[in-house]
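Working notes, structure below.
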Amino acid sequence: MTATAPEPLLPLDEPTFVRMLRYALATGGERLHFRPGARPLQQGMGPDRELRYRQMTGDDTLEVAGYMLAHAHVSERLKNDPCDAARPMYLFYEIPGEALIEAQMESARGGIAVHLDIIRPFSHPHDIEAIER
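Taking my numbering, the leading residue of the sequence shown gets 148, the next gets one more, and so forth.
In structure tokens form, the structure reads like this:
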């Protein structure tokens with residue numbers, strides 16, 4: 148018998164990433180952590196819990212960072228500003244009508260660690276007026 152080499156792991160795909168975000172939304176998650184060598188971790192209501200997914204690889208966390216960078220944007224006000232200075236880039240991933248996901252990234256052993264804050268919309272949009280005043 149000859150041993151066959153195991154198939155290489157494919158990096159985390161975007162549909163699976165979005166399912167993780169939706170799961171966090173549905174279960175009261177407030178923050179997700181993706182770190183090479185660890186399972187995705189959700190914080191929020193109740194104790195911290197690992198998501199049912201394999202340990203992240205450096206390629207997985209690079210993919211998550213790529214999804215965030217692909218959705219990054221410069222505000223309209225600054226995009227149209229005639230000033231030639233650098234523009235701040237906001238790392239937000241939007242699930243329309245459900246949540247805005249903000250990323251923070253840091254160097255970690257084996258790659259990049261990505262921390263995602265889940266920002267839910269106000270249940271009553273008119274509440275924004277009271278906050279802005």
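Just so it is clear, CB atoms sit at the ideal spot from N, CA and C, and this is done for glycine as well.
Where in the stretch 158-189 do unbroken runs of the alpha helix (DSSP H), each at least 4 residues long, occur, reported from the N-terminal end onward? 161-173
Taking just the CA atoms, how far does L172 sit from G193? Going from the Cα of G193 to the Cα of L172 covers about 14 Å.
To the nearest angstrom, report how far apart V261 and A219 are at their CA atoms. Whole-angstrom Cα-Cα distance: 14 Å.
Measure the C-alpha to C-alpha separation of L156 and Y200 and round it to an integer number of angstroms. When rounded, the distance between both Cα atoms is 12 Å.
If you drop the 5 nearest sequence neighbours on each side, which residues of the same chain put their C-beta closer than 6 Å to that of P158? D206, D207 and E210
Look up Y240 in the DSSP assignment and say whether it is helix, strand or coil. DSSP, read as helix, strand or coil, puts Y240 in strand.
Assigned exposure category for A152 - 16 Cβ within 10 Å defines buried: exposed
Return the residue from the list Q251, F181 and Y170 that minimises the CA-CA distance to G257. F181
Can you name the start and end residues of the alpha helix (DSSP H) that D207 belongs to? Residues G205 to H218.
Cut-off 6 Å between Cβ atoms - residues of its own chain near L238, not counting five sequence neighbours on either side: M215, A219 and A250
Between the CA atoms of A150 and A217 - distance to the nearest angstrom: 40 Å
P162, buried or exposed, once every other Cβ within 10 Å from all chains shown has been counted against 16: exposed
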